[in-house]
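One structure is given here, and the rest of the page talks about it.
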Amino acid sequence: MKKNLLFRALRLQFAILIVVLLLPWAGKAQWQTMSDQLDDPSVPAFVKAICAPRANVKLIAELYDQYYTAEIAPKKAAHKANPVTAGKKFKNEYEHLYKTWRSQTSNYITPDGFVDFSMQAEENRKELIERVHPEGIASDRDAEKWAPFGPAVVFDEKSGKPISWQANVFDIARSRLHPHVMYAATECGGLFRSTDTGATWKHIGDDQNFRWVQAVAVGEAANNGIVFIGVPGKIMSSGDAGATWKEHFIQASGVPGDVIPANYQTYQIIHSIHDGNYLYAATSTGLFISDDFGDTWKDNLALSLFGGGRVTSIAEHPTNPNYLYCLLYLPSSKSTVFCRSENQGASWAIFNDGWFDIPTADEGKLNIWGGRIVVTPAAPNRVYVMLNEAGSSASANLKLDGFVGIYSSDNAGVNWTRKTNYLGRPYNLTDRPNLVSWGHNGYEPLPNQYKYHQATSLNNAIYASQIDADHLYVGGLSMWESTDGGSTWQVRGGYNGNVPHVHPDIRRFIGRASSSTTEELFWCSDGGINYSSTGVLDGHEARNLGIYANELWGFDMDNRQLLFGGGSYHNGNNVCNGQYGFNGAGWKHAGGGESATGFAQYGAEPRMWFVDQPNLGTVLPNDANGAITSYPSILDLPSWKPNPSLDYRQNRASRILFDKNNPRILFWGHDGKFCRSEDDGKTGKVLFDFGLTKRIEWFEQSPLNGDYMYLKTEDTLTGNFGFHRSTDRGRSWTTAIQSLPSNFIFTVAGDQFLYRSDENATDLTKILVSGDGGSNWNALIDPQLNGLKIMSLLSIPSSKFWLVVATDKGGVFRFSDTGLENISNGLFSVVEPERLLYLYSEQALIMGTNGLGVWVRPWEDGNDAFLNAQFASDYDKNWCVGSPVHFYNRSSDSNNSNYSWTFSGGTPSSSTQENPVVTYDTPGTWPVYLDIVDQSSGFSGFTGLAGFITIVPRGNYPIGETFEDGVLSGEWLLTDANNNGNNWKVSSNAGGFGNSQHSLFFDNYNVDEAGSKDEIRPFGVHLINSTSATLTFDVAYTMFSGDPNARDSLEVLVSKDCGKTFTRVFLNGGEGLSTAPPAGVQFTPMANQWQQKTVNLAAFLGQYDVLLAFRNIGHYGNSLFLDNINVTGMLVGTDEEIIEQSLLVSPNPNAGQFRVRFDVPKTLDGTLSLTDPLGREVYRNEIHGVGGKFEEQIKVENLSSGLYLLRVQGESVEIVHKILIQK
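Structure (structure tokens):
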């Protein structure tokens, strides 16, 4: 059996790089900052519910949905509609808070829906983990186990330079004695260690139950030191590079066993530079001190004398071993004070001369949350403080928006000067910048949309140069630099500034003097770690290689090639095609914010679609240095955004799905509307509307017959869920389950074979199976799944294994006819699956996760795989003669297969390529067949479709359209630019020059198209045997007299490459297009209010397929009419050639009713007949024509489906044309 290339690369990768193992967090997180403002009536109800002693997930979700609908959604809509902000990131602090809370509590939800951090709950979790991982957490990464697969490094989307858009790093520490040793504390990935000054990283603490590491420090020692970390509720240490760990509980008093409750956050840990026995920890409960090198810790009761609460920052005097500084929050006044101890924390004094005082009018309204202290050996008595506000009442008079100021003292904190000589609004980017938030007032031009309170508690970095005391850096949402001690500031990068690749949300700076004139600077952010040795303005580099702490909120993959990616928390969209270095684990950044997006499109070029991008379609380059390109889509239009309906919560987004038989066909859900595009997203329409109160949240297509589709909806009023089935590719739907009280996930195994798991299911109903399309369900029970939460389901085309289940606690299981097999080996207990998929070409499982990036595992049982033969093509119904058609193998075979294609009517007529390209030079309907032999498994498969390809013939001229049938014929293609239902229609109110009853009509009077281009493409025409050609059409239009700016236009275009490109041949509008005086009512033309327009088509002579397009460019003016569209000219060739080239049957295929049309060059007396597949004549009529055009409407009843032959016979003419009857 052929060695799997993916796993050969993986083994090499992890021999060279690092296996990144990410472990969990078990405590409260960023939402703790909201506890200061719960008495504020403006705080949403869901925030107060989060801070309740027992938080109920379902109740909070319902409250959040109400808040989102009422508050966030309208602001997002205004943000996208505003041209100034349309391309910029939108943030709302409460939306951000809820997303973070759901992500970080997901592993701590009890069966009854409550969040539980208790010791008993922890013991229950450990018991489940031991059951899922009976052999422990494996440290080896061989090809029989799960292994992480990136992102190992993220490259810039254009330049290919490594950038910090990879992992959220909360804190960094560097050893003073061993400066090549560093540590990185991440939000969702645990702790990482570097022994080469950050060039590469390795995860440590693999077997520990921590995921969110809040603070890290190095306890200096000769043997590379002891690392101390703060995780929610405790401080931990390791003296052997993470091999073993010790937990430290904080003594609240001198009484043994009297410890601080495990519900605090650690903001900062430092090891004394003066006395190696002392360590200090600033926490949400207070200041903790150890005087025995971290062995025991005690609460510093001296600070409680001031009535203090949290301590947000600590620092030592650079030269005086007795001086210790801290920032203390006083809950009674909601203020933060500066404290100094002269005896290593035994006693304290408050120094407030020049310090910020809350104005009397704002007492109890402002909340001065805390800040950050920094000192420098360049001026030992100099102390800087960045003071921040968070959670203040909206009624406060002083609008600080998170930033109080930069304070400086030159006498060790006794007296203070506010260096930023302004206080609160108005802010600007020059002389009054907000250094922690956007820098200006809110997020212009929507003031105060997002004040970002979280920035003040998390993104509050400040650094003072070790060699120049006046040189400062501040990090918040952007990075700022001052060279005059904080009086003036220049923005460098982030949301503002021109230094590239500075990730917003900066957490911490650390620095080290490398000489008397140079120093090294590291900083960490929500994107990773950066380094500079020359100053940020002169350049910096990303140092994240091996930090796999990527939290995917969206994830998708093509099942036949290494193409996957998605939107992630903090770091936008990242993509991988297996060719970006580091043995395939390198990824590229693709823009975006924090969206649950990312949809893989198979086809001729690798594409990922991202809904939060200005252009949804993203084309991936073949190497890391290549630039990502994009293309526009109908989904980009404001009337369709946000599209599809997204939600970062698992299985709550409607997705974009590419049809299993054609990658140019897209399905998506917009609120309750199920939508479809048939031309790669250029146009779209609503196929089905489930109603105003319904929201489409997930759907799938059968892997066997694409006509079968299944879809989940949520009722936004009741919160209940429905399950629906379609047997006609989404055009109509029946409800299989009317109402379920809880969310559920499902997977489609066959046309009517389904698996489902309900969110609130008991162990007896954990997995349900249906064999009749969802009408009836039976339980699939196995005790190994008891107590576990089902996170993802995946059906597998195998004769032995048929369902894979991913659970919490790092569990993955597969069902077979002999029972349930645990295949969790190699995963960690904190893995939270986002989506489980199968890569057919590599015969491997792929899993995107929340917090652990992407993981991969070989299927191991390739010889047992069932080969499901399937193919697709990018053919569409308007394909032209001679245009290339791409065919794609979509089977379940491995990449070690032989292929045999058959293409009747095509060139080539057969192929052994996996994905061939074929052209069709003859109009008609043609079959396609595929035969596969998988050399790895020995299995074979065969599939084919008899009428898969229909190449539509084009008419020769004279050819025209009068619209007197009252309907548009089947070959006319409409484009509704705004998908608002307003488009070209046939009108019975007027005809050209009063000579007929019908015409083509566009309603600009009642609908404002706002400049959108609604297009109609009529017949195509052959000009191959032409010596001249002219297009004529009749037009009637008038302007709306009530608004001189309401000017509509008509544009005519011609394509000679089957619609790939168009050339404009006519454009006129307003007065120039008008055929009547302006009117204040809707225009209907009289006989004398028409004009005929003429366009010379000489530039297109000699072309086989020439397509016409008429575009209405609407601006809320008045009605536009077209009639008598004709192409005339001179033809060359025999009578038979001219008739054969111009013969058009429409529609084809049909059900027995169709129209026949062809050109008669001279005189034709003959017959028109139709014979069935058995050769029996089922229709016959005589033809008598003298020049011009022959046209006949035919209707034959009771025809059976099959291939019929249409014959045109005359004295010197006999032409046979194939017609496909489908019923």
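So the sequence shown is numbered by this note's numbering: it starts at 4 and just counts up by one. Think of the CB as a built atom: it goes at the ideal place given N, C-alpha and C, for glycine as much as any other residue.
Sequence-distant residues of its chain with Cβ nearer than 7 angstroms to residue i (five each side left out)
i: Gly538; result: none
i: Gly1155; result: Lys1198, Val1199, Glu1200, Leu1202 and Ile1224
i: Ser735; result: Phe691 and Ser729
i: Asp710; result: Thr730, Asp731 and Arg732
Cβ pair residue i, residue j closer than 8 angstroms
i: Gly416; j: Tyr328; result: yes
i: Lys368; j: Ser398; result: yes
i: Pro1150; j: Trp590; result: no
i: Cys527; j: Ala187; result: yes
i: Gln347; j: Ser316; result: no
i: Glu1018; j: Thr953; result: no
i: Phe691; j: Gly725; result: no
i: Glu223; j: Gly279; result: yes
i: Val135; j: Gly814; result: yes
i: Ser819; j: Ile793; result: no
i: Gly1169; j: Gln1196; result: no
i: Gly941; j: Pro1152; result: no
Chain-order list of residues whose beta-carbon lies under 6 angstroms from that of residue i (same chain, five-residue window excluded)
i: Phe1043; result: Ala1049, Gly1120 and Asn1121
i: Trp248; result: Gln211, Met239 and Ser241
i: Phe1069; result: Val1055 and Val1098
Beta-bridge partners of residue i, as assigned by DSSP
i: Arg343; result: Tyr328 and Ala352
i: Leu660; result: Phe670
i: Gly373; result: Asn391
i: Pro887; result: Thr922
i: Asn1201; result: BP columns for Asn1201 are empty, so no partner.
i: Gln602; result: Sequence check: residue 602 is Phe here, not Gln. Bridge partners of Phe602: Trp612.
i: Trp248; result: In DSSP, Trp248 forms no bridge with anything.
i: His1220; result: Leu1209
i: Val221; result: Val230
i: Lys988; result: Phe1004
i: Met239; result: Ile232 and Glu250
Nearest-angstrom Cα separation, counted from residue j out to residue i
i: Ile1027; j: Gly851; result: 54 angstroms
i: Val184; j: Asn59; result: 43 angstroms
i: Arg546; j: Ser338; result: 38 angstroms
i: Trp1314; j: Asp1037; result: Outside the shown range of the chain (4 to 1226) lies residue 1314, about which nothing can therefore be said.
i: Arg728; j: Lys715; result: 9 angstroms
i: Ile748; j: Gln69; result: 23 angstroms
i: Phe996; j: Leu1053; result: 19 angstroms
i: Lys402; j: Ala393; result: 11 angstroms
i: Ser745; j: Ser827; result: 27 angstroms
i: Gln873; j: Gly822; result: 29 angstroms
i: Arg1158; j: Tyr841; result: 47 angstroms
i: Ser844; j: Thr768; result: 34 angstroms
i: Asp1011; j: Arg1020; result: 22 angstroms
i: Pro47; j: Trp149; result: 42 angstroms
i: Trp300; j: Leu194; result: 22 angstroms
i: Gly865; j: Asn553; result: Bear in mind that a pLDDT of 48 at Gly865, under 50, signals an unreliable position, so the model cannot answer this.
i: Ala752; j: Ser798; result: 5 angstroms
i: Ala1308; j: Glu964; result: The question about residue 1308 has no answer, for the chain in this structure spans 4 to 1226.
i: Ile63; j: Asn789; result: 26 angstroms
8 angstroms Cβ shell around residue i - same chain, five flanking residues per side excluded
i: Tyr71; result: Glu98
i: Ser778; result: Ala739
i: Ile935; result: Leu870, Ala872, Asn892, Ser894, Asp896, Ser900, Asn901, Tyr902, Ser903, Ser943, Gly944 and Phe945
- Message: I'd like the ranges of any beta strand (DSSP E) spanning at least 3 consecutive residues and lying wholly in the region 672 to 753.
- Response: 676 to 680, 688 to 692, 697 to 704, 712 to 718, 724 to 729, 737 to 743 and 747 to 751
- Task: Identify every run of the beta strand (DSSP E) within the region 1053 to 1078, keeping only runs that are complete inside it and at least 3 residues long; order them along the chain.
- Result: 1066 to 1072
- Message: As an exercise, report each continuous beta strand (DSSP E) stretch of at least 3 residues that is fully enclosed by the region 290 to 324, in chain order.
- Response: 290 to 293, 300 to 302 and 314 to 319
- Task: Return the chain-ordered ranges of every beta strand (DSSP E) run that is complete within the region 1134 to 1201 and spans a minimum of 3 residues.
- Result: 1147 to 1149, 1156 to 1162, 1166 to 1174, 1180 to 1189 and 1192 to 1198
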